[in-house]
Every structure is written in structure tokens, then in C-alpha cells.
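K.L.:
Protein chains in written order, with our numbering: chain G, 10 to 644; chain F, 8 to 303. Think of the CB as a built atom: it goes at the ideal place given N, C-alpha and C, for glycine as much as any other residue. Following this message is one structure expressed as C-alpha cells.
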Amino acid sequence: MSTESSKKRKPKVIRSDGTPTEGKRNRSDTEQAIEIEERRIQSCVHFMTLKKLNRLAHIRLKKGRDQTHEAKQKVDAYHLQLQNLLYEVMHLQKEITKCLEFKSKHEEIDLVSLEEFYKEAPTDISKAEVTMGDPHQQTLARLDWELEQRKRLAEKYRECLSNKEKILKEIEVKKEYLSSLQPRLNSIMQASLPVQEYLFMPFDQAHKQYETARHLPPPLYVLFVQATAYGQACDKTLSVAIEGSVDEAKALFKPPDDSQDDESDSDAEEEQTTKRRRPTLGVQLDDKRKEMLKRHPLSVMVDLKCKDDSVLHLTFYYLMNLNILTVKAKVTTATELITPISAGDLLSPDSVLSCLYPGDHGKKTPNPANQYQFDKVGILTLRDYVLDLGHPYLWVQKLGGLHFPKEQPQHTVIADHSLSASHMETTMKLLKTRVQSRLALHKQFASLEHGIVPVTSDCQYLFPAKVVSRLVKWVTIVHEDYMELHYTKDIVEAGLAGDTNLYYLALIERGTAKLQAAVVLNPGYSSIPPIFQLCLNWKGEKTNSNDDNIRAMESEVNVCYKELCGPRPSHQLLTNQLQRLCVLLDVYLETESHDDSVEGPKEFPQEKMCLRLFRGPSRMKPFKYNHPQGFFSHR
Amino acid sequence: MERATQLAVPLGQTEVFQALQRLHMTIFSQSVSPCGKFLAAGNNYGQIAIFSLSAALSSEAKEESKKPVVTFQAHDGPVYSMVSTDRHLLSAGDGEVKAWLWAEILKKGCKEVWRRQPPYRTSLEVPEINALLLVPKENSLILAGGDCQLHAMDLETGTFTRALRGHTDYIHCLALRERSPEVLSGGEDGAVRLWDLRTAKEAQTIEVYKHEECSRPHNGRWIGCLATDSDWMVCGGGPALTLWHLRSSTPTTIFPMRAPQKHVTFYQDLVLTSAGNSCRVDVFTNLGYRAFSLSF
Chain G
10 MSTESSKKRK
20 PKVIRSDGTP
30 TEGKRNRSDT
40 EQAIEIEERR
50 IQSCVHFMTL
60 KKLNRLAHIR
70 LKKGRDQTHE
80 AKQKVDAYHL
90 QLQNLLYEVM
100 HLQKEITKCL
110 EFKSKHEEID
120 LVSLEEFYKE
130 APTDISKAEV
140 TMGDPHQQTL
150 ARLDWELEQR
160 KRLAEKYREC
170 LSNKEKILKE
180 IEVKKEYLSS
190 LQPRLNSIMQ
200 ASLPVQEYLF
210 MPFDQAHKQY
220 ETARHLPPPL
230 YVLFVQATAY
240 GQACDKTLSV
250 AIEGSVDEAK
260 ALFKPPDDSQ
270 DDESDSDAEE
280 EQTTKRRRPT
290 LGVQLDDKRK
300 EMLKRHPLSV
310 MVDLKCKDDS
320 VLHLTFYYLM
330 NLNILTVKAK
340 VTTATELITP
350 ISAGDLLSPD
360 SVLSCLYPGD
370 HGKKTPNPAN
380 QYQFDKVGIL
390 TLRDYVLDLG
400 HPYLWVQKLG
410 GLHFPKEQPQ
420 HTVIADHSLS
430 ASHMETTMKL
440 LKTRVQSRLA
450 LHKQFASLEH
460 GIVPVTSDCQ
470 YLFPAKVVSR
480 LVKWVTIVHE
490 DYMELHYTKD
500 IVEAGLAGDT
510 NLYYLALIER
520 GTAKLQAAVV
530 LNPGYSSIPP
540 IFQLCLNWKG
550 EKTNSNDDNI
560 RAMESEVNVC
570 YKELCGPRPS
580 HQLLTNQLQR
590 LCVLLDVYLE
600 TESHDDSVEG
610 PKEFPQEKMC
620 LRLFRGPSRM
630 KPFKYNHPQG
640 FFSHR
Chain F
8 MERATQLAVP
18 LGQTEVFQAL
28 QRLHMTIFSQ
38 SVSPCGKFLA
48 AGNNYGQIAI
58 FSLSAALSSE
68 AKEESKKPVV
78 TFQAHDGPVY
88 SMVSTDRHLL
98 SAGDGEVKAW
108 LWAEILKKGC
118 KEVWRRQPPY
128 RTSLEVPEIN
138 ALLLVPKENS
148 LILAGGDCQL
158 HAMDLETGTF
168 TRALRGHTDY
178 IHCLALRERS
188 PEVLSGGEDG
198 AVRLWDLRTA
208 KEAQTIEVYK
218 HEECSRPHNG
228 RWIGCLATDS
238 DWMVCGGGPA
248 LTLWHLRSST
258 PTTIFPMRAP
268 QKHVTFYQDL
278 VLTSAGNSCR
288 VDVFTNLGYR
298 AFSLSF
């Protein structure tokens, strides 16, 4: 310390010595030296006390610091403890609140209501006496009961699951069994085919037909169903079959079929732009027409067998875009027919079914909506296409259940079974009578062309035994020629000579007298009688306009035709009418009053027995033949 | 496009039959009702049709006005003649004469009031009655027809009083000469005979075919129609239509018509005639001018 202080002092002394030294040098150096020494000793003691004080101060400081430090540490420890405790307190409080807020899962469970619980639970669980007072116990008991119930239900559920598994397995097994059955049944069916044929029960065939029938368009389907039903129920001679390609029919339904016209339009226009030099407009129109008149690929064939083994084959087609049915007809006979020249049109497919019902000529489409479609593609009338497509007769539409009201064109006409059923029987009967009458006429024409009027034995009573006038010619004429004849004007004016009728010319001769008869044969023969118009060339030309007796002769065959019908089905009408004309000509010629101014005998002596030659203000000849007395009288 | 040049009606069996009937129909007789409003016509099928003349002649006449008001089957055979009294319509055809009440005739299902058949000689064939004539002064009806006789029937009692014989062939037509009550009859034998009703004897006979001016041998000699106006007579048929002066029995005028005439009447000073053989009744309002036709 002292060295320190001395070291410290020395520089101080030096410094202090430095400055004041100039003032005090003269005084006595000895006094000064002693004083300096004293002062130095004093200063050294002072320095020593200073050091000691410094030391003491430092030690006290250090002690104080240590003490503070310790106290501080203690305080810190207590502080920490306090913090910990406070933290714990907080934690505990939180825990407490958590606990208080804790919703036990048991509160989320819907327990059964108290009453039910007490009712249902067994007493060892419910322990009513304990639980009633103690809600805690009560809840526990309820939970117990819940648990038990759940366990029981879980058991049941597991049982049911296992049952279900079992049953599913059983179903699988049975399905396999059934699927293996199908091929076996098929093979049995195959094997039974010969048996079916033997017993005339073609179930297999019928089944296949029904399969194909599912692809038929609705009108054809109605027709098929009704015709089969009618054939099975009423008429064994009717057989129905379906022809055509089922695959094509199926293919029709894949793409949507609306606005076909527009599509073909745009397609055609594209074609037009790519192929420039072709006459595209005509081809385009032609294609559109073909598209419009397209037939459904399936068709229904109905065969009607008549008594004499002749068959009428009818094929029904459905025109899809026009929504109408058409039919093509063909008649085949048991033996080959030699067609006489005049009978060309009788059985031709074009006209054999014409006017089955009055006015149903089948040359115009029955659906009024078709007219608008036709205008689009430039078709004037369906008449040009009927040979190809078949005739759209009204009765065909009715058999397919299609009904077109006359006035308004309807958008959708649905095929109606009841309409078809109500017309089926009449139409089939009419078809049969038509075929048979045409075949009868066919045979008769062959005979007429040879100049023989074939009168059957059961109609002989209508005529006297001796008939001198003979039929020499029987030819067919066309409608226009008939209209040109001068003696047919009345019939034409009365509207009885339409273009659906067949026209014939017969020539009866006796001596110099020639009787020409123009015949209108209505397609509805023989319910509608043939109409005769006469022109007699003998001593001038006599027709119904200048000779009342010619008119009476016409009346005898035209108006009194019912007597000449003969036995049903009155196929003899035409031949009887012709024979009667011969008889009438005989009577006319023989009863002609002799002209006194002309010389010579009568050309035709009277051979017929007549009571009176003239009667009434019109002076008619006796044209009525009386059987069996054999004389002629007046009506 | 199809176009129908004539009726485009689909013809079933009944329509065709009716059309054929109409084509071959002949109207033989007609008579006007006493009130003048209705016309009855009889045809060869034995039907009588009543037409309403007032409706047909009125200014608002439509097609339906020219159709009959009612049609019914009167006789089995043709209705050859009809006359009207003030209350009855008498029709005759196949051997019988029937009477119908005009008041009842328009109702459906009308029945005849009475029917009579004159006593015929032959029974093999029933002769027709071609002509009826009313003699109002005696209230009797004269029938003539197929049995070549004229029968007179009293309308009150319905009995047949006289039968006048003389014709050799059947009688076509009758006419009444008012002043001296005489009946003229023309027949198939070509003679016109005048009968006096009081004495029931034949007074005069004119054999028309023997006169060269009017005879037409190629047509025959029969007399189809007669009309008389006391001094004058018109007759026609096989021979040409001629006007005769009765007292002198000479033909005076011969009408130039080709066809044999069926009906003729005097009306005031005009002669109306028709040779109709269709189902139409031609109404003449003026000579030679045909106004319209009534159709059956």
C-alpha cells in the first residue's frame, strides 16, 4: 500500500514540486527540509490511513454487497416459490373449471326415459331403492342398463349379418343353378320341335315370331297382334308371318330420328359443294324423295286361304316418315290359271283389292299431314309410287289401328288396337269374297271369250229352254273408250262410271240384229251389280234415248238384278245377266210389230209364248219370264 | 292433283241401286192437288211422290225444294194414271184403283181410303188401268185399260155401273167432252171412239191410221193421247199429232213432231205436250219453253 501510495505520491510530488518551487527556495532549506519531512511523514500517515480507510471501505462494501446479494437471492427464491404456487393455483383453477365443465360422454347418450327405465330394466340393475334417492347412482344404473342393452343389440346385429351372408351365398348358388338350367331348356326345346310339328302346335315358331314382333313399328304390331288373334279365334285359314331383317330394324332405333329431312338437307348441300359438275339438284331431290318414302325393314305377311285352295297373299309395309301402312297383294291358285285376254285386270296386284270398301281406291295417301311433306320434296301424289310401295287403302290403316280424321292433320296418330279389332272380321270376309268372286269371274271370262255364256244348272230356271241369240264377242275396253260411246252418257252423268271400274263390251247377235252392250264392272262385284247400256243395230240404231223397249231391257238387267243373283255367294250374276240379255233380244225381235207397208215375212217368227204383246201407255214388250209356266208377261 | 269430273261420292250398294232405279224410272202420271200447292207423280215402280209446288216455284227455291215432300209405295205395278177430286187422289195401275185423302197424304205411312177392282173377264193376267176420267156431273169415275173396256164406277157407292165394249185392243187414253156428256177413248187398235154416257153406246168412231195425212205406219197405229175441247180434238201416238174437227171427223192441222206423243192437254188456247220417258217431270210455262224439271 505504501509503495503504492508512494508511487502515487511521487508523481504527485513531482508535479507539485514543479510549480511552487520558485517561490519558496530562499527560506531555509533546513527548515524546509524538516517541514517537508514532517509533512511527508504526515502525508505518509495520511496515505496510510487513507489506504486503510479505502480498504475498510472496500471490505464494507463487499460485505454489504454480499449481504444484499444473499437477501436478494432469498427474495428471489421466495418470489419463485410464490410464482410457482400462483401458477399451480391457476393451473388447479383451470383444472377445476375444466372438471366442472367436463361433459361426460354419458350425457350425450340418449338414455331411455326414467319411467321406461324403471319399467324395463331388471331390478338388479335398476336397484330402485338405491337409485331413487341418489341421482348419481341412478345415472350409473341407467348407464349400466344402456350398456347392457347395447351389448344385446350388438349381438343381434352380428347374428343378422351372419344370416345375411349365409342367404347371399344361397342366392348365388341358386342363380348359378338357374343359369345352368337355361341351356338345358333350350336343348329340350330343340328336341321337342319334331314333336311340335307332329302335333301341329308350332309353339316354337310362334315364340320366335313374337320375338321379332317386338321390333315391329306400332301400326304393324297392332296389325300383327290383331290378325294373329283373329286367326286363332275365328278363322283357321288365316296365317300371319313377319318378314324382313330384324337387325336393320334394331339399327333404326340407335341414332335419334328427329329432323331427318334437315340432316339430309345439310348432307346433300355438302355433297353439292364438293361435286360441282353433277346435276345435283335433281339427285338431291330424288334422294330426299327416297328418304321420305322409305319403308320399315320389317313387314307383316298375311295369307288367306279360300275354300278352293286359292290363297291371297297380303304383304303389309309401314312407311316410316309418312306414318301410313301400305299393302301389296298377290293371288295364287291351286292350279295354274290360263288368263283369258279380257281378264287381265281381274287378278292383277294393282287392282284386285281396289275399292274393297266403296270409294277406297288406294291411290291417295290417307294421312292429310303427308301433303305438307310431299310439297317439300316435290311429290305430287302417291299414285306414281303405289306400284312399288303398295296401296295405302283406308282399311289397311284401320287394321293397323291408325285413324286419320278427315279435316285436321294430326301430329301423332297412335295405333289403336280397338279400331283394328273392330274392322278385322269384316275386312277379312270382304277380302275372301273379293278373291273368290274375282276367280269366279276369271273362269267365266274364259268361257265368255269363246262365245259361251256359262249358266250353272241351278240358275237354268231363270231362262227359257231355247235361247237363239248368241254372244259372239266379249272384250275389255278402257275407261276413256267407254266414256266416248254415245249411248253411255246417262251412266257417266250419274257418276257410276269412275276410273276405278272395269269396262267390257259384249256383242250379241241374232240374224241381222246386233246388240252391243257396254258393261261397267264395279270392283265391288257382286254386291254391286254390273251395269249394262245397250245399243241395238237392227232397222236403224236404237238406244235407250229413242226406244223405250231398249230402256226396259236395260232395266231388266240393271234394276232387277236381284233375281239374277243365283245362289249365294252370287258369283253367277254377270253370266245370268248376259243370258237374260240374250233372252230379251229374242223377245224384242220376235215381238216387233210387223210393218204393213214393208213387204215380206217377219225376219223373226214369234216363238215365245206371250200373253199380250203390248201393255201400258208406253207399250212395253213382255220381257218378264215366268217360271215354270214358261210364258212371257209384263212387270 | 286428282280432280273428280263427276260426283266423287263413294257409292255403296244402296246408292248404286238407287241411281240405277232413277235412271230407269218412268213417270207415267201426275195430278195437282185441289188447293193447287202440291203435285203428285206416279212412276213405273208403283211409287207416288208428292212435290210442293209452292216451295219449288218460290223465289228462294233450293235443290231440296225440288225433291219430293213424301214418297210412298202405292201399287205393286206401275201407276199408270191419277186424277184428283176435291178431297181425294185416285191412282190406278195394275188392275186396281185406290183413293188417298189429300189431307192425309203428306203424313208418313198413309193408307188408301178405299180400293176397287173393276170386274174383269179374264183371270189369267190382271189387265192394267191406263186411264181414269172423272165425270163430275154424274159423280162417277171412268176406268179404261187392258181389258179393252170402259168401266164406269159410281164414286158415292163404289159400284161399277156400266161397261162399254167396242175396242179391239187395249185402251190408252180417255177424254171428256163436256157439253153432250161424251167420253172419247183412244186405243191400241188405232181408233178413237166416242161414247154417249146416257145411252152407253158408241156414238162415233174415227180410225186415225186410215187417214193418210197423219198416219205413220212405221210407228204403228196406236193412239197414245187424246184431248178435246168440245168441237175439237187433238190426238197423237203412232200417227202424227193431229187436230181434228169432231163433227166432220176430218183432220185439220198436223203438228210436226217426230216422236210419238204421250201426253197432251189443252190449256186455254195453247197445247202443251210432252213425250217424257225419264224420271223428270218437265214443267212448261210457255209453249216450247221448258222452265225447269222436277226430279223424283
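Select from G:Asp595, G:Asp256, G:Leu505, G:Thr348 the residue whose C-alpha is nearest the C-alpha of Leu545 of chain G.
P.N.:
The residue you call residue 545 of chain G lines up with position 536 of the first sequence. The residue with the shortest Cα to Cα distance from Leu545 of chain G is G:Asp595.
K.L.:
For the stretch 441-460 of chain G, which residues have a beta carbon sitting closer than 7 Å to at least one beta carbon of chain F?
P.N.:
none
K.L.:
Pull up the DSSP beta-bridge partners for Thr249 of chain F, would you.
P.N.:
Stepping through the second sequence from its first residue, residue 249 of chain F is reached at position 242. The partner list for Thr249 of chain F (beta bridge, DSSP) reads F:Cys242, F:Ile261.
K.L.:
Quick check on DSSP: helix, strand or coil for Lys551 of chain G?
P.N.:
Counting from one through the first sequence, the residue named residue 551 of chain G turns up at place 542. In the structure shown, Lys551 of chain G sits in a strand (DSSP, three-state: E or B).
K.L.:
Starting from Cys591 of chain G, trace the alpha helix (DSSP H) in both directions and tell me its first and last residue.
P.N.:
Locating residue 591 of chain G in the first sequence gives position 582, where the first residue counts as 1. First-last of the alpha helix (DSSP H) with Cys591 of chain G: 582-599.
K.L.:
Go to Met89 of chain F, then tell me how far its beta strand (DSSP E) extends in each direction, as first and last residue.
P.N.:
On the second sequence, residue 89 of chain F is found 82 positions in, with the first residue counted as 1. Residues 88-91.
K.L.:
Identify the contact partners of Phe623 of chain G in chain F, using a Cβ-Cβ distance below 7 Å as the criterion.
P.N.:
Residue numbering aside, residue 623 of chain G sits at position 614 when the first sequence is read from its first letter. Residues of chain F passing the Cβ test: Glu195.
K.L.:
Could you tell me whether the Cβ of Pro626 of chain G comes closer than 9 Å to any Cβ of chain F?
P.N.:
By one-based count along the first sequence, residue 626 of chain G stands at place 617. Chain F, which has a Cβ nearer than 9 Å to the Cβ of Pro626 of chain G, makes this yes.
K.L.:
Rounded to whole angstroms, what is the Cα-Cα separation between Ser188 of chain G and Val182 of chain G?
P.N.:
To locate residue 188 of chain G, count along the first sequence from 1; it is residue 179. To locate residue 182 of chain G, count along the first sequence from 1; it is residue 173. Rounded to whole angstroms, the separation of the alpha carbons of Val182 of chain G and Ser188 of chain G is 10 Å.
K.L.:
Given a cut-off of 9 Å on the beta-carbon distance, is the pair Gln586 of chain G and Tyr597 of chain G in contact?
P.N.:
The residue labelled residue 586 of chain G in the question sits at position 577 within the first sequence. The residue labelled residue 597 of chain G in the question sits at position 588 within the first sequence. No.
K.L.:
In chain B, what lies closer than 8 Å to Asn376 of chain G by C-beta?
P.N.:
Included in the structure are the protein chains G and F, with no chain B among them.
K.L.:
CA-CA distance, Glu209 of chain F and Gly504 of chain G?
P.N.:
Here residue 209 of chain F is taken as the residue at index 202 of the second sequence, counted from 1. Here residue 504 of chain G is taken as the residue at index 495 of the first sequence, counted from 1. Cα to Cα, Glu209 of chain F sits roughly 53 Å from Gly504 of chain G.
K.L.:
Could you tell me how far apart the beta carbons of Pro306 of chain G and Gly253 of chain G are, in whole angstroms, since I believe they sit closer than 8 Å?
P.N.:
On the first sequence, position 297 is the one that residue 306 of chain G refers to. On the first sequence, position 244 is the one that residue 253 of chain G refers to. That pair is a contact at about 5 Å.
K.L.:
In angstroms, rounded to a whole number, what distance separates the CA positions of Ser1 of chain F and Tyr177 of chain F?
P.N.:
Only positions 8 to 303 of chain F appear in the structure, and residue 1 of chain F is not among them; the question remains open.
K.L.:
Asn50 of chain F touches chain G at which residues, Cβ-Cβ below 7 Å?
P.N.:
Along the second sequence, read from residue 1 onward, the residue named residue 50 of chain F stands at position 43. Chain G residues near Asn50 of chain F: none, gap ~12 Å exceeds 7 Å.
K.L.:
Cβ of Val405 of chain G within 9 Å of Cβ of Lys372 of chain G?
P.N.:
As a working mapping, residue 405 of chain G is identified with position 396 in the first sequence. As a working mapping, residue 372 of chain G is identified with position 363 in the first sequence. Taking 9 Å as the Cβ cut-off, Val405 of chain G and Lys372 of chain G do not qualify as a contacting pair.
K.L.:
Which of the three DSSP states is assigned to Ala15 of chain F in this structure?
P.N.:
For this step, residue 15 of chain F is matched to residue 8 along the second sequence. Low local confidence applies: a pLDDT of 46 at Ala15 of chain F is under 50, so the model's placement there is unreliable, and no value is given.
K.L.:
I need the boundaries of the beta strand (DSSP E) containing Ala80 of chain G, first residue and last residue.
P.N.:
Here residue 80 of chain G corresponds to residue number 71 of the first sequence, with the count starting at 1. Run containing Ala80 of chain G: none in the beta strand (DSSP E); it sits in the alpha helix (DSSP H), 38-110.
K.L.:
What is the residue span of the alpha helix (DSSP H) that Asp256 of chain G lies within?
P.N.:
Within the first sequence, numbered from 1, the residue matching residue 256 of chain G stands at position 247. That run of the alpha helix (DSSP H) goes 255-261.
K.L.:
If distances are taken between C-alpha atoms only, which option among G:Cys619, G:Leu334, G:Asp354, G:Ala338 comes closest to Asn379 of chain G?
P.N.:
Counting from 1 along the first sequence, the entry for residue 379 of chain G is found at position 370. Of G:Cys619, G:Leu334, G:Asp354, G:Ala338, the residue nearest in Cα terms is G:Leu334.
K.L.:
Let me check understanding here. Comparing Cα to Cα, which of G:Val592, G:Ala260, G:His322, G:Leu530 lies closest to Val462 of chain G?
P.N.:
On the first sequence, residue 462 of chain G is found 453 positions in, with the first residue counted as 1. Comparing Cα-Cα distances from Val462 of chain G to each of G:Val592, G:Ala260, G:His322, G:Leu530, the minimum goes to G:Val592.
K.L.:
May I ask you to report which of helix, strand or coil DSSP gives Asp312 of chain G?
P.N.:
As a working mapping, residue 312 of chain G is identified with position 303 in the first sequence. Note: Asp312 of chain G maps to strand in three-state DSSP.
K.L.:
Any idea if Thr28 of chain G is buried or exposed, counting beta-carbon neighbours within 10 angstroms, 16 or more meaning buried?
P.N.:
As a position in the first sequence, residue 28 of chain G is number 19, starting the count at 1. Model confidence at Thr28 of chain G stands at a pLDDT of 47, short of 50, so the residue's coordinates are unreliable and nothing is read from them.
K.L.:
Among the residues of its own chain, which have a CB less than 8 Å from the CB of Glu434 of chain G, if the five just before and after it don't count?
P.N.:
As a working mapping, residue 434 of chain G is identified with position 425 in the first sequence. Contacts found: Tyr239, Cys243.
K.L.:
Can you list the residues of chain F that Ile537 of chain G reaches, using a CB-CB cut of under 7 Å?
P.N.:
By one-based count along the first sequence, residue 537 of chain G stands at place 528. Correct list: Gln20, Val23.
K.L.:
I'd like the ranges of any beta strand (DSSP E) spanning at least 3 consecutive residues and lying wholly in the stretch 506-541 of chain G.
P.N.:
511-519, 522-530
K.L.:
Taking CB distances under 9 Å as the criterion, tell me whether Gln28 of chain F reaches chain G.
P.N.:
By one-based count along the second sequence, residue 28 of chain F stands at place 21. Yes, because at least one Cβ of chain G sits closer than 9 Å to the Cβ of Gln28 of chain F.
K.L.:
Glu135 of chain F versus chain G: which residues are under 7 Å apart at the beta carbon?
P.N.:
As a first step, residue 135 of chain F is located in the second sequence; it is residue number 128 there, counting from the start. Correct list: Arg624, Gly625.
K.L.:
Can you tell me whether DSSP reads Asn50 of chain F as helix, strand or coil?
P.N.:
Here the question's residue 50 of chain F lines up with position 43 in the second sequence. Assigned with DSSP and collapsed to three states, Asn50 of chain F falls in strand.
K.L.:
For His82 of chain F, return the contacting residues in chain G, with the cut-off set at a CB-CB distance below 9 Å.
P.N.:
Here residue 82 of chain F refers to the residue found at position 75 of the second sequence. Those within 9 Å of His82 of chain F in chain G number zero; the least Cβ separation is about 12 Å.
K.L.:
Name the one or two DSSP bridge partners that Thr324 of chain G has.
P.N.:
Walking along the first sequence from the start, residue 324 of chain G turns up at place 315. BP columns for Thr324 of chain G point to G:Met310, G:Lys337.
K.L.:
If you measure from the beta carbon of Leu439 of chain G to each beta carbon in chain F, is any gap under 9 Å?
P.N.:
Here residue 439 of chain G is taken as the residue at index 430 of the first sequence, counted from 1. Not one chain F Cβ lies under 9 Å of Leu439 of chain G.
K.L.:
Less than 9 Å between the C-beta atoms of Glu155 of chain G and Leu123 of chain G, yes or no?
P.N.:
For the purposes of this step, residue 155 of chain G is taken as residue 146 along the first sequence, with counting starting at 1. For the purposes of this step, residue 123 of chain G is taken as residue 114 along the first sequence, with counting starting at 1. It is not a contact, given that the beta carbons lie outside the stated cut-off.
K.L.:
Apart from the five residues on each side of it in sequence, which residues of its chain come closer than 8 Å, Cβ to Cβ, to Lys337 of chain G?
P.N.:
Locating residue 337 of chain G in the first sequence gives position 328, counting from the first residue. Excluding positions up to five away in sequence, the list reads Leu323, Thr324, Tyr326, Pro358, Gly399, His400.
K.L.:
By DSSP's criteria, Gly84 of chain F is part of a beta bridge. Which residues make up the other side?
P.N.:
As a first step, residue 84 of chain F must be located in the second sequence, where it is residue number 77. Paired residues: none, contrary to the question.
K.L.:
Just to check, is the beta-carbon of Lys107 of chain G closer than 8 Å to a non-hydrogen atom of the ligand MN?
P.N.:
Looking for the ligand MN in the displayed structure turns up nothing, as the structure carries no ligands at all.
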